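Number of protein chains: 2
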Amino acid sequence: MNTPLRLGIAGLGTVGIGVVKIVQTHGEMLARRAGRAIEIVAVSASSRTKKRSADISAYAWEDDPVALGRRDDVDLVLELIGGENGTAKALAETAIANGKDVVTANKALLAHHGHALALAAEAQGRALRFEAAVAGGIPVIKALTEGLAGNRIERVMGVMNGTCNYILTRMEATGQGYNALFEECARLGFLEADPNLDVGGIDAGHKLSLLAAIAFGTQVKFSAVELQGITDISLDDIRLARDMGFSIKLLGVAQMTGRGLEQRMTPCLVPEAHPLGQLDGGTNMVVIEGDSVGQIVLRGAGAGEGPTASAVMGDVIDIARGFRLPTFGAPADTLIEAPAAVVSSAAPWYLRMVLLDKPGALAKIATALGDAGISIDRMRQYSHDGAHAPVLIVTHKAASDDIRHALDRFAATGVLVEEPVAMRIEEV
Amino acid sequence: MNTPLRLGIAGLGTVGIGVVKIVQTHGEMLARRAGRAIEIVAVSASSRTKKRSADISAYAWEDDPVALGRRDDVDLVLELIGGENGTAKALAETAIANGKDVVTANKALLAHHGHALALAAEAQGRALRFEAAVAGGIPVIKALTEGLAGNRIERVMGVMNGTCNYILTRMEATGQGYNALFEECARLGFLEADPNLDVGGIDAGHKLSLLAAIAFGTQVKFSAVELQGITDISLDDIRLARDMGFSIKLLGVAQMTGRGLEQRMTPCLVPEAHPLGQLDGGTNMVVIEGDSVGQIVLRGAGAGEGPTASAVMGDVIDIARGFRLPTFGAPADTLIEAPAAVVSSAAPWYLRMVLLDKPGALAKIATALGDAGISIDRMRQYSHDGAHAPVLIVTHKAASDDIRHALDRFAATGVLVEEPVAMRIEEV
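Each protein sequence line maps, in turn, to chains A and B.
In terms of my numbering, the first sequence opens at residue 106 and continues consecutively.
In terms of my numbering, the second sequence opens at residue 106 and continues consecutively.
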């Protein structure tokens with residue numbers, strides 16, 4: 106048997122304790138699979154004495170997590186603290202500089218500093234792995250970087266924030282509005298300390314930027330993600346979309362186009378019959394499209410102690426086995442700086458608006474669309490109270506800037522009662 | 106850059122040519138990802154001059170595929186011939202004996218000889234990989250052996266024969282019977298030369314036996330798989346199942362129980378709302394349940410040139426990167442000979458029968474069930490022509506041998522018009 110792999114764990118919250126439990130419960134199984142023992146040597150967290158669901162008394166303690174990165178008896182540091190800067194970043198940098206491998210569940214850290222950290226790790230010949238940072242327990246990074254490595258990836262899509270998907274599917278199932286369900290999530294503890302990370306799409310956007318970098322061989326660039334959260338989704342939109350056979354999802358999409366790299370995390374309509382449209386509650390789903398493999402769909406729990414710890418352990422076992430893969434699947438110094446596509450690829454769009462009920466109002470909207478070069482697939486005007494006329498339009502494929510031009514023209518008609526709603530229909 | 110990885114490809118059918126195309130099209134991409142060039146050196150197939158969709162003139166030719174296993178200029182042999190014995194087996198054995206790595210798409214070979222071949226490969230320190238043998242393009246073996254390696258696997262399930270799933274979903278969608286759709290599959294070229302490999306469940310059973318060995322650390326044992334094909338599925342059953350919210354699938358299930366290893370490839374009812382119930386047409390799906398990760402669902406094309414070649418290339422790239430994993434995820438000499446569970450774990454069952462329409466017939470059936478220790482969840486008697494009474498029963502959870510006893514008791518009542526239909530309802 107080879108020498109044990111010695112872990113230092115920084116952060117003993119949900120994920121950290123989940124990892125401790127797996128190592129304590131499955132020691133023999135892990136050693137058989139990895140070909141060597143996996144041992145916890147030292148830990149660090151904000152409180153040493155806090156009551157925890159696993160016994161950590163056998164491990165050395167560090168008050169300062171960064172000190173784990175300097176211990177001679179630690180081979181691999183697990184950064185499970187979180188946060189894009191501060192201690193997490195200092196720990197990752199220190200560990201790499203001291204020749205240690207690093208596994209993290211920290212999407213914010215990687216989305217903001219992933220390229221620099223990958224360069225540093227590869228210069229040291231060390232691994233920096235982050236399976237747990239994207240879509241919880243789903244081994245999606247492994248699928249992209251290894252199982253599907255023979256493919257040119259054409260598109261990656263994902264529903265990767267369980268809280269948002271919970272809110273949207275509960276709106277559809279119960280007819281409760283966004284605000285009521287937001288409150289429910291707050292009560293249930295489903296929200297990040299800053300809820301905008303969830304409902305503003307930032308958390309999911311971090312994950313998308315990481316998948317995009319891996320899929321397209323680009324330097325991770327979170328600031329280029331087009332972000333829109335779910336706070337403005339109305340029950341009306343959910344019902345109207347459903348009437349037409351669609352579900353509304355906070356959907357991340359990344360694809361390389363002739364105009365650059367598209368990265369979007371926005372509410373989209375997807376067909377109810379596709380697995381994306383069927384995805385209920387807090388579950389995550391990632392869809393990968395490759396030139397050989399076609400469409401692969403991966404579904405599983407996106408958060409929680411067990412699923413996230415499972416993903417961390419997948420990385421740990423790879424490192425124990427001696428598998429050395431560049432952080433983003435290809436050497437960091439080969440990753441390109443892709444320009445961001447300002448205009449998204451063409452797609453059908455869902456447009457909902459309320460018009461003044463006066464002669465010619467609908468004609469003005471139809472004319473504005475035509476002037477913007479957009480043709481109409483379906484249009485419905487709904488029965489109304491006499492003063493206002495709700496109108497729903499599904500367009501044929503249109504570029505996002507044509508849609509923007511059309512919305513500007515709508516505003517100029519003077520017949521809109523309120524800001525129109527425009528959502529992309531993602532073809533899957 | 107490291108030395109190139111030199112391939113010898115045996116078999117230039119759909120899969121082999123797919124691999125040739127990927128290597129020819131994506132050479133630069135593969136080299137960047139793998140850290141070294143991947144080159145085809147030599148090939149072999151039944152005909153050298155057959156018209157093919159890729160140019161093979163640059164490669165050395167061997168009339169005898171087994172000779173590829175002895176060439177000094179080949180590092181890795183791709184066995185893409187097929188068949189459980191004969192040339193495929195001789196080639197794999199020869200290549201391993203000559204210190205070469207082997208990648209195969211051959212489920213029959215591995216299901217029958219996988220343990221012996223794995224022992225041989227590991228004794229030589231070589232890799233024997235078979236991602237393409239199970240569920241086509243879905244990287245499921247990688248998920249089980251690596252991404253989810255921190256989990257004790259609790260159950261693996263899969264719909265892994267596209268032809269069977271095509272027939273069942275077309276029966277449901279079109280109301281055509283089994284025989285008509287079997288003929289359609291024959292016309293469309295969806296069937297193996299021996300159709301019983303497909304519709305008898307053998308092909309899918311091979312795949313299940315491989316997943317079970319990996320999931321539970323056991324020696325692969327195809328002969329222990331309980332096999333039942335789809336030839337007896339009637340439109341009546343499909344309609345009645347649907348009325349109750351279920352779909353009928355040829356479902357593989359493997360789980361370790363206190364009574365041994367269960368391996369079943371049989372028609373089952375699954376909830377329509379679960380991804381398994383939603384799976385249409387020729388697509389494959391594998392469901393993995395682990396003690397930490399919960400339930401992971403993987404979906405994709407189960408066959409075809411691109412998807413299968415994608416899986417082969419995943420293995421090739423792993424080997425190019427130097428990743429050395431035992432064939433079944435843990436060293437072959439640690440794999441246990443698990444006893445086969447003769448009695449399957451308890452589940453609800455679907456029972457359909459046609460009774461003589463005479464007083465007391467239904468009571469006799471209900472009594473027989475009770476005497477077998479089985480309680481009834483739902484029972485329906487359908488309107489009928491006066492002579493025969495169709496009856497549908499859904500039981501509460503029952504062991505498979507109790508169901509067998511009940512069926513024996515039914516036969517003894519003398520009120521059955523025909524053999525009853527019994528299918529397990531798999532709880533997912």
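Note that CB positions come from ideal geometry on N, CA and C, so glycine has one too.
Because the structure is a prediction, the values reported are computed rather than measured.
Check: Does A:S352 come within less than 7 angstroms of chain B when only Cβ atoms are used?; Outcome: no
Check: How long is the line joining the alpha carbons of B:A147 and B:L196, rounded to whole angstroms?; Outcome: 14 angstroms
Check: Helix, strand or coil: which one does DSSP assign to B:I243?; Outcome: coil
Check: Taking Cβ positions only, does A:G244 come closer than 7 angstroms to chain B?; Outcome: Here residue 244 of chain A turns out to be Pro, not Gly, going by the sequence shown. True, the Cβ-Cβ gap to chain B drops below 7 angstroms.
Check: For B:L381, would you say it is in contact with chain A, using Cβ-to-Cβ distances shorter than 7 angstroms as the test?; Outcome: no
Check: Excluding the 5 residues preceding and the 5 following A:D476 in the sequence, name in chain order all residues of the same chain whose CB lies nearer than 7 angstroms to its CB.; Outcome: R514
Check: The alpha helix (DSSP H) spanning A:K126 covers which residue range?; Outcome: T119 to T130
Check: Tell me the residue span of the beta strand (DSSP E) that contains A:A147.; Outcome: I143 to S149
Check: Tell me the rounded alpha-carbon separation between B:H510 and B:A517.; Outcome: 11 angstroms
Check: Give the range of the alpha helix (DSSP H) segment to which A:E410 is assigned.; Outcome: E410 to A425
Check: In the segment 418–433 of chain A, which residues sit with their C-beta less than 8 angstroms from some C-beta in chain B, listed in chain order?; Outcome: M418, G419, V421, I422, D423, R426, G427, F428, R429 and L430
Check: Cβ of A:A254 less than 7 angstroms from any chain B Cβ?; Outcome: yes
Check: Using a Cβ-Cβ cutoff of less than 7 angstroms, which residues in the same chain neighbour B:N203 once the five nearest sequence positions on both sides are dropped?; Outcome: G174 and R175
Check: Mind listing the chain B neighbours of A:S328? Cutoff is C-beta to C-beta under 8 angstroms, in chain order.; Outcome: Going along chain B, no residue has its Cβ under 8 angstroms from A:S328, so there is no contact; the nearest lies around 25 angstroms.
Check: What does the alpha-carbon distance come out to for the pair A:G121 and A:I186?; Outcome: 9 angstroms
Check: Over the uninterrupted alpha helix (DSSP H) stretch that includes B:F351, give me the two end residues.; Outcome: Run containing B:F351: none in the alpha helix (DSSP H); it sits in the beta strand (DSSP E), F351 to T362.
Check: Excluding sequence positions up to five away, which residues of its chain have a Cβ less than 6 angstroms from the Cβ of A:E240?; Outcome: Looking at the sequence itself, residue 240 of chain A is Ala, so the reference to Glu does not match. So the list reads M265, N389, V391 and G407, once near-sequence residues are dropped.
Check: By a C-beta neighbour count over all protein chains shown, 10 Å radius and 16 as the cutoff for buried, is B:G113 buried or exposed?; Outcome: buried
Check: Can you pull the chain B residues whose beta carbon is under 9 angstroms from the beta carbon of A:P444, in chain order?; Outcome: Within chain B, no residue comes near A:P444; the closest Cβ sits about 20 angstroms away, beyond 9 angstroms.
Check: Measuring alpha carbon to alpha carbon, tell me which of A:V171, A:A150 and A:V179 ends up nearest A:G109.; Outcome: The sequence given here places Pro at residue 109 of chain A; Gly does not occur at that position. Residue A:V179 is the option with its Cα nearest to A:P109.
Check: So which residues of chain B does A:A414 contact, with C-beta pairs closer than 8 angstroms?; Outcome: G255 and S397
Check: Tell me, please, which residues DSSP counts as bridged to A:D206.; Outcome: A:L181
Check: Can you tell which of B:I424, B:I243 and B:A278 has the C-alpha that lies nearest to the C-alpha of A:E394?; Outcome: B:I243
Check: Distance, Cα to Cα, A:D438 vs B:K247?; Outcome: 27 angstroms
Check: Check the DSSP bridge columns for A:T323 and list the partner residues they point to.; Outcome: A:I441
Check: At a CB-CB cut-off below 8 angstroms, which residues of chain B make contact with A:V402?; Outcome: V402, L403, R404 and G405
Check: Tell me which residues share the same chain as A:S314 and place their Cβ nearer than 7 angstroms to its Cβ, disregarding the 5 neighbours each side in the sequence.; Outcome: A216, V325, K326, F327, V330 and Q368
Check: Can you tell me whether DSSP reads A:Q383 as helix, strand or coil?; Outcome: helix
Check: Give a yes or no on whether 7 angstroms exceeds the smallest Cβ distance from A:K312 to chain B.; Outcome: no
Check: Report the option in A:E167, A:D299, A:T192 and A:G382 whose CA atom is closest to the CA atom of A:L356.; Outcome: A:G382
Check: Measuring straight from C-alpha to C-alpha, what distance separates A:A534 and B:L296?; Outcome: With chain A running from 106 to 533 in the structure shown, residue 534 of chain A is simply not present.
Check: Mind pulling the chain B residues with CB within less than 9 angstroms of A:T279?; Outcome: Correct list: empty, because the minimum Cβ distance to chain B is about 17 angstroms.
Check: Does the beta-carbon distance from A:V533 to A:H311 come in below 7 angstroms?; Outcome: no
Check: Going by the CB atoms, is the gap between B:I143 and B:Y164 shorter than 7 angstroms?; Outcome: no
Check: Should B:H220 go down as buried or exposed, given a rule of 16 or more other Cβ atoms within 10 Å for buried?; Outcome: buried
Check: Take every Cβ of the segment 298–308 of chain A, pair it with every Cβ of the segment 256–274 of chain A, and state whether three or more of those distances are shorter than 8 angstroms.; Outcome: yes
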